[in-house]
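Asks: Questions regarding the structure given below will be posed in turn.
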Amino acid sequence: MYQRLIQAINQGILQPEQRIPSIRTLSNELHVSRSTVESAYMLLISEGYLEARGQAGTIVSPRVAGIELLKV
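Structure (structure tokens):
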């Protein structure tokens, strides 16, 4: 999941400042545990790919625009 999200960001499928699904929503869609999704999101946040915005949700970091990101 972590690598799929990075690929989606690198390929422009997920755009900077785009809101991504909630942990609960994505875990239901992918039929994985919430802790799996939460772990992936937390790692992506720590690496600067995503930003948590509290009640507003989680977004793709605006700082990823125009930056060559980690190749997976």
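Per the working numbering, residue 7 is the first one in the sequence shown, and the count goes up by one each step.
All C-beta atoms in this analysis are idealised placements derived from N, C-alpha and C, irrespective of residue type, glycine included.
1. Once the 5 residues before and after Val70 are set aside, which same chain residues still bring their CB inside 7 angstroms of it?
2. Are Ile51 and Arg25 closer than 7 angstroms when you measure CB to CB?
3. Am I right that Met7 and Ala46 are in contact with their C-beta atoms under 8 angstroms? What's the rounded C-beta distance?
4. Keeping to the same chain, check which residues put their C-beta closer than 8 angstroms to that of Ser33; ignore five residues upstream and five downstream.
5. My output table needs one value for Leu32: the three-state DSSP class, helix, strand or coil.
6. If distances are taken between C-alpha atoms only, which option among Pro27, Gln9, His37 comes closest to Gly63?
7. Please state whether DSSP places Leu20 in a helix, a strand or coil.
Replies: On the basis of the data shown:
1. Ile15, Pro22, Tyr55
2. no
3. Confirmed, Cβ separation roughly 5 angstroms.
4. Only Ser39, Arg40, Thr42, Val43 meet the Cβ criterion.
5. helix
6. Pro27
7. coil
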